[in-house]
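Quick notes on the structure that follows.
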Amino acid sequence: MSWDTSTQNFDDHALRMANALLRANGGTAASLLMPPAAGDTTDAAQLGLNPPNFQALPLSPAVFRKLRPTMHEGEPARYELLISGVAVQAAVSELQLSSADALFSIAANVAVGGELFLIESVAVSESMGSVYMYRLLLRDSTTGWQMQQSQ
Amino acid sequence: MENAKDTFYITLRNRLGTVNPNRTMVMRALTRPGILVEEAEASTARLPLDVFVLRWTKLTTDAELPSILTQLTCEIHYATAGTQANAGLDRGRALEGMDDELLQILCPSSTPKMNYTQTPAVQMGTSVFWSQAIFAATTITRERLERLATVNVFAFQEQGEK
């Protein structure tokens, strides 16, 4: 039995490379729609009476692309959003959250290019145990609402 | 009808806070009892675990009475995968626990109708009342055990009420 005993010190080369590649291959921005930190405690907020006042949290660089069509009748199109680990780490720090999972679980939706999408799942790409890119599987929103584009 | 729907949800939520104060969830940065109205929250890919989700479906009316009687069908969806401490092996017990909580919060099966569009909420002249829950068979989706309970909620339309 043998195992890898080579020294593998983590440096942020994967993080920087992912950042550069995402910037070079589209370099768009996506916005997570986040609830305000001070939640609305009224009954009206839970009954859909009060506006939720979601705030856009821009994440950049990101790459947005349509997944290969599956051609199932009535099934909405699916999209993939690749977000730099650097951007997500910055957002987690800014909001003082415990993890990126917490960030994505709090987010209500995602806006890309002025359109709204629902988050289906979140996956990560890692190098030596450190996340350098987040991959969000998105679904078309049926509302057709035009969202304010993030810069 | 909105008043009946709002009253039914708030009643169940308040009762759940008493029956099991530990059944909570974090929704939009707030910790609150683990029950929500699906149409009043952001859409999600799948329903959350260990939370009661109210989904309003059918509507029928009876106009033969002095006041119109509305009957709204409320589907109550809930699912659990058990607890992490028990590696999910307690998911059957967890689902049974939720069944029991639902039975408790549905009893008694009436409450005065309230208008929550005003602050503070105003009590109206009639009551909201509901049928016994009809529990569907457990649905198993990998480690998730899911249940649907259906309740018919009745309320009279009051003068000027939408």
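As you go down the protein sequences, you meet chains A and B in turn. Just so we're aligned, residue -2 is where the first sequence starts under our numbering, counting upward by one. Just so we're aligned, residue 207 is where the second sequence starts under our numbering, counting upward by one. Backbone N, C-alpha and C define an ideal beta-carbon position, used for all residues, glycine too.
Quiz item: When you check each C-beta in the stretch 93 to 112 of chain A against every C-beta of chain B, which residues fall closer than 8 Å?
Solution: Going along the stretch 93 to 112 of chain A in chain order, one finds I103, A105, N106 with a Cβ nearer than 8 Å to chain B.
Exercise. Leaving aside the five residues before and after B:T217 along the sequence, list all residues of the same chain whose C-beta is less than 6 Å from its C-beta, in chain order.
Key: Residue 217 of chain B sits at position 11 when you count from the first residue of the second sequence. Counting only Cβ-Cβ distances below 6 Å, and skipping sequence neighbours, we find T317.
Quiz item: Could one say the Cβ of B:T323 lies closer than 8 Å to chain A's Cβ atoms, at least one of them?
Solution: Reading the second sequence from its first residue, position 117 is the one you call residue 323 of chain B. Judged by the 8 Å Cβ criterion, B:T323 is in contact with chain A.
Quiz item: Closest Cβ-Cβ distance between A:E117 and chain B: below 8 Å?
Solution: Within the first sequence, numbered from 1, the residue matching residue 117 of chain A stands at position 120. It does; some Cβ of chain B falls within 8 Å.
Quiz item: Should A:L44 be flagged as near chain B, meaning a C-beta pair shorter than 8 Å?
Solution: Reading the first sequence from its first residue, position 47 is the one you call residue 44 of chain A. At least one beta carbon of chain B lies nearer than 8 Å to the beta carbon of A:L44.
Quiz item: Can you find a CB in chain A that lies within less than 8 Å of the CB of B:L222?
Solution: Reading the second sequence from its first residue, position 16 is the one you call residue 222 of chain B. At a cut-off of 8 Å between beta-carbon atoms, B:L222 makes no contact with chain A.
Practice problem: Would you identify the three-state DSSP class for B:Y284, choosing helix, strand or coil? | Solution: Numbered from its first residue, the second sequence carries residue 284 of chain B at position 78. If DSSP states are grouped into helix, strand and coil, B:Y284 belongs with the strands.
Exercise. Would you mind sorting B:R353 into buried or exposed? The rule is 16 or more other CB atoms within 10 Å of its CB.
Key: In the second sequence, residue 353 of chain B corresponds to position 147, counting from 1. So B:R353 ends up on the buried side.
Self-check item: Which of helix, strand or coil DSSP assigns to B:G303
Solution: Here residue 303 of chain B is taken as the residue at index 97 of the second sequence, counted from 1. B:G303: helix per DSSP, three-state reduction.
Self-check item: Cα-Cα separation, A:L46 to A:E77
Solution: In the first sequence, counting from the first residue as 1, residue 46 of chain A sits at position 49. In the first sequence, counting from the first residue as 1, residue 77 of chain A sits at position 80. Going by the C-alpha atoms only, they are around 33 Å apart.
Self-check item: Residue from A:E72, A:A15, A:A42 whose Cα sits closest to the Cα of A:D137
Solution: Here residue 137 of chain A refers to the residue found at position 140 of the first sequence. It is A:E72.
Quiz prompt | Sequence ranges, beta strand (DSSP E) only - wholly within the stretch 52 to 127 of chain A, length at least 3 | solution = If we require 3 residues or more, the beta strand (DSSP E) runs fully inside the stretch 52 to 127 of chain A come out as 52 to 63, 75 to 81, 106 to 109, 112 to 124.
Quiz item: From A:A26, A:M31, A:W0, pick the residue whose C-alpha is nearest to that of A:L94; which is it?
Solution: Translated into the one-based positions of the first sequence, residue 94 of chain A becomes position 97. Taking only the C-alpha atoms, the option nearest A:L94 is A:M31.
Quiz item: Taking the alpha-carbon positions, what's the B:A361 to B:T250 distance?
Solution: Walking along the second sequence from the start, residue 361 of chain B turns up at place 155. Walking along the second sequence from the start, residue 250 of chain B turns up at place 44. Roughly 30 Å separates the two Cα atoms.
Exercise. Quick one: give me the first and last residue of the beta strand (DSSP E) that B:N321 is part of.
Key: Taking the second sequence and counting its residues from 1, one reaches residue 321 of chain B at position 115. Element bounds for B:N321: 316 to 321.
Quiz prompt | Positions along the stretch 210 to 221 of chain B whose CB lies within less than 9 Å of some CB in chain A | solution = For the stretch 210 to 221 of chain B, residues whose beta-carbon sits nearer than 9 Å to a beta-carbon of chain A comprise K211, D212, Y215, I216, R219.
Exercise. Compare the C-beta of B:L253 against all C-beta atoms of chain A and say whether one is closer than 8 Å.
Key: As a first step, residue 253 of chain B must be located in the second sequence, where it is residue number 47. Against chain A, the CB of B:L253 has no partner CB under 8 Å away; the residue lies outside that interface.
Quiz prompt | Terminal residues of the beta strand (DSSP E) in which B:V225 lies | solution = Within the second sequence, the letter at position 19 stands for residue 225 of chain B. B:V225 -> not in any beta strand (DSSP E); alpha helix (DSSP H) instead, spanning 208 to 225.
Exercise. Report the three-state DSSP secondary structure of B:Q310 (helix, strand or coil).
Key: The residue you call residue 310 of chain B lines up with position 104 of the second sequence. Helix at B:Q310.
Exercise. Please check if any C-beta of chain A sits within less than 8 Å of the C-beta of B:E245.
Key: The residue labelled residue 245 of chain B in the question sits at position 39 within the second sequence. By this cut-off, B:E245 is an interface position.
Quiz item: Any beta-carbon of chain B closer than 8 Å to the one on A:A41?
Solution: Reading the first sequence from its first residue, position 44 is the one you call residue 41 of chain A. A Cβ of chain B is located within less than 8 Å of the beta carbon of A:A41.
Quiz prompt | Nearest residue (CA-CA) to B:P227, options B:N358, B:E367, B:I311 | solution = The count along the second sequence starts at 1 and reaches residue 227 of chain B at position 21. Taking only the C-alpha atoms, the option nearest B:P227 is B:I311.
Quiz item: For B:N209, does the count of other Cβ atoms within 10 angstroms reach 16, so buried, or fall short, so exposed?
Solution: Residue mapping note: residue 209 of chain B aligns to position 3 of the second sequence, counting from 1. With 16 or more neighbouring CB atoms inside 10 Å of its own CB, B:N209 falls in the buried class.
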